[in-house]
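The structure under discussion appears below in the form of structure tokens.
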Amino acid sequence: MNIQLRGFLILFMSPYLWGQTNDVDSDSLNIQNLDEVVVIDSRFPLKRSQSGRIVEKIDTKTLRKFQGMDLAEVLRSRAGIDILGSRSQLGQNLTTSIRGGRNDQVLILIDGVRVNDASRIGTDFDLNFLPLEAIESIEVLKGASGTLYGSSAATGVINITTKKGAQDSLFSWGNSFGTLQAQESLSSGITAVENSFRYAETVGVSDVSLFYSQRYADGMSAVQGGQSDLFARNNFGFSGGHQFSDSYRIRFAINEDHIRSEYDGFDSNFNPAEANNLLVSNQWRFALQQNATYQNGELQLDLGYQSTGRDFQSDFPRYLKGTNFTLDLSNRYVFNEQWFSIVGYFYQHHTANISELENSSQHDLYANIVYASGSFNFNIGSRWNSHDVYGSHLTYNINPSYNFQLSEKRNLKVLVNVGTGFNTPSLFQLYDVFSGNDGLKPEESQTQEIGLDYTFPTGNFSVLYFKRIENPTLIYDFNTFRYGNSDDEVSYSGLEMNYHNRIGSQLQFYLNYTLTETDGGDLRRIPKNAYRLGLDYALSSRWSLSGSFSRTGDRLAVDGTTTLGAYSLLDARVQYQLNKPNAVVFLNVTNLLNQNFIEFLNYSTRGRNIMAGFNWNL
């Protein structure tokens, strides 16, 4: 195999390899109060006290603190979540890892519809496609979630809710500009610009929303010491809904995303080297949701279609295209104030032009029952999966919890969760002519969790222990450059801790810590220890100041032998509320101390960067 070919394979497979494991508002930091409603863990809108899981919900007010940043930077601020590539050059592959797992073990939902990308190695969704300005809120569910969400949810689910229509005419415009450069860069001037536009209106029982955003950066090289690499993204979105009657409503969304990103290559020793390569990515998504309610119940149909094309323009050109079609039909039924159930049917079909046009499909039947008394709660369910290659498989989930009402405003929740997962290899892993292996076995896993969630008047504290066992697990053999299965059982375990508190009317702070360990696997690029401290201070009714300090421990590089040193980063944000309601100007400084650190071996990481901008809502 020639050098250029191997270089292409290493670059293209980097999301899998990097993930290979062998906020002056009183609510700006998202204090998780007892009455907060969560949906993702049961698909019913239940209070936090009724949920048997610890769900992280990032609301609109918290997202405003990240203006001028991107989705990856928001997610990586949460305990147990690593977004590898979030501190590197824009356009590099972003790898989402939850609790030491791979990117193909995390399911991404947009408005409840899965967005698998069959053109990628693990069919995971590329977060580069989704602008933060289009997002209303985010829910994160960590741990085995295959009963409700099927394969690709072995380590967690991230449900992203986009902005919908408004009660009155709404026009919003945002702009930011500043720098995006590496620590060693000598460039100056504006190297990053972002614009967004949104119009939304609700008239009677109908609503419509139009969204456009543009992002451009050209001040940073992907490899150390190279020329700056261009990143340009354009997003267009159109959505709407109509309530036909008291019992029937319909929603749709159309999105088109376009990315041009330059990338570098490899030298004769397979080390990253300067090159003038270009990747052009186009993605088109369509979603349709229909809801029909009846006495005590609701039928819901979710249809989703996604098509992604990737054109690698280099000395070794390659064009990859994948499609994903999903259908999810579910019936939710409320027996009374305490008993809830959901049963459903799910269908998914993938196509991808790997060595030739390949495809796969699966049919799922699932059922889940929830009992929520306020004190004792449990969530139990099972899912039957029928895959056209791997046949049938059954997964289950058992999740009891108990609330100790210590006082009117103090509650302690004790929870236990046991769930299994079933993850099939992707079309690329099976059929790629260079690295594929059509003899791969599906990955099976079991996850155990035990935790405490304490809610008090000014904040929340939670601690959770987890252990995940995989047998067999999917691996990448660096000797043969092919995918395979582990010979022995692999386990991952760890501890997650979150603490949020509000002191007086002006100051809030949060602290989270994650410990991740493995027995038999590799935590490549995943730190054993990571923690983050954040402060949010209201200087006045208009001025607010936010800051965060993060510490990332030692990690193993992708080669499995090199240790990447620990590093600490300090970020700061200032916001000012103008006289006009909902008009904000902001200034963000990331890596304030301009620390030199390594995220990927021999690749550049961001130094001190400044972004300023405004957001105007009419």
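Take my numbering: the final residue in the sequence shown is number 746, and no numbers are missing along the way.
Ideal placement from N, C-alpha and C gives every residue a C-beta, glycine not left out.
Item: Which of helix, strand or coil DSSP assigns to Y659; Value: strand
Item: The stretch 556–570 in contact with the stretch 525–543 per 3-pair CB rule at 8 Å; Value: no
Item: Nonlocal neighbours in the same chain, by C-beta distance under 8 Å from D357, ignoring five residues either side; Value: Q217, G219, D346, M348, S349, A350, S389, E390, Y391 and D392
Item: Length at least 3, wholly inside the stretch 343–387: the beta strand (DSSP E) runs in chain order; Value: 359–373
Item: Integer-rounded CB distance, given that Q417 should sit under 8 Å from R752; Value: An answer regarding residue 752 cannot be provided, because it is not within the stretch 129 to 746 covered by the chain.
Item: Alpha-carbon spacing of S469 relative to L427, whole angstroms; Value: 12 Å
Item: When G196, H478 and Y422 are compared against R248, the one with the closest alpha-carbon; Value: H478
Item: R807 (DSSP reduced to helix, strand or coil); Value: Lying outside 129 to 746, the shown extent of the chain, residue 807 is not represented and no answer is given.
Item: Residue nearest to F364 in terms of C-alpha spacing, selected from S375, S337 and S373; Value: S337
Item: S501 versus R596: straight-line alpha-carbon distance, rounded; Value: 29 Å
Item: Unbroken alpha helix (DSSP H) run spanning F556, endpoints; Value: L555 to Y559
Item: When S375, F339, R361 and W301 are compared against V333, the one with the closest alpha-carbon; Value: S375
Item: Of the listed residues N383, Q355, N362 and R361, nearest to G368 (C-alpha basis); Value: N383
Item: Per-residue burial, E598 [other beta carbons within 10 Å of its own, 16 or more giving buried]; Value: buried
Item: Coil, strand or helix - A262 by DSSP; Value: helix
Item: Classification of E267 by the beta-carbon crowding that lies within 10 angstroms, buried from 16 upward; Value: buried
Item: Spatial distance of Q96 from S503 (CA atoms); Value: Residue 96 lies beyond the range of the chain shown here (129 to 746); nothing can be said about it.
Item: Closest Cα partner of F463 within the set A320, L673, I497 and K270; Value: I497
Item: Three-state secondary structure (DSSP) of D768; Value: A query on residue 768 cannot be resolved here, the shown segment of the chain reaching from 129 to 746 and no further.
Item: For M739: DSSP bridge partner residues; Value: G306 and N716
Item: Close beta carbons around L457, own chain, < 7 Å, minus the five adjacent residues each side; Value: L429, G472 and Y473
Item: Neighbourhood of F414 by C-beta distance below 6 Å, restricted to the same chain and skipping five residues each side; Value: I382 and Y433
Item: For R438, the first and last residue of its enclosing beta strand (DSSP E); Value: G425 to Q441
Item: Inter-residue spacing [alpha-carbon to alpha-carbon] between R326 and T552; Value: 39 Å
Item: Alpha-carbon to alpha-carbon, N588 and L162; Value: For L162, the pLDDT reaches just 47, beneath the cut-off of 50, and the residue's location in the model is therefore unreliable, although a value from the coordinates is still provided. Roughly 9 Å between the two C-alpha positions.
Item: Pairwise C-alpha distance: I263 and L191; Value: 8 Å
Item: Between the CA atoms of R446 and R610 - distance to the nearest angstrom; Value: 19 Å
Item: Boundaries (first-last residue) of the alpha helix (DSSP H) holding Y518; Value: Note, Y518: premise wrong, no alpha helix (DSSP H); not H, not E.
Item: Local Cβ density within 10 Å of L746, reported as buried at 16 or more and exposed below that; Value: exposed
Item: Outcome for P400 when other beta-carbon atoms lying within 10 angstroms are tallied against a minimum of 16; Value: buried
Item: Simplified DSSP assignment, three categories, for A685; Value: coil
Item: T289 - containing beta strand (DSSP E), residue span; Value: G284 to T290
Item: Three-pair Cβ contact test at 8 Å for the stretch 678–690 versus the stretch 702–714; Value: no
Item: Cβ shell of Y695 (< 7 Å), same chain only, five flanking positions each side left out; Value: T680, Q723 and F725
Item: Three-way DSSP call (helix, strand, coil) for G547 in this model; Value: strand
Item: Contiguous beta strand (DSSP E) assignments of at least 3 residues, all confined to the stretch 450–517; Value: 467–481, 485–500 and 504–515
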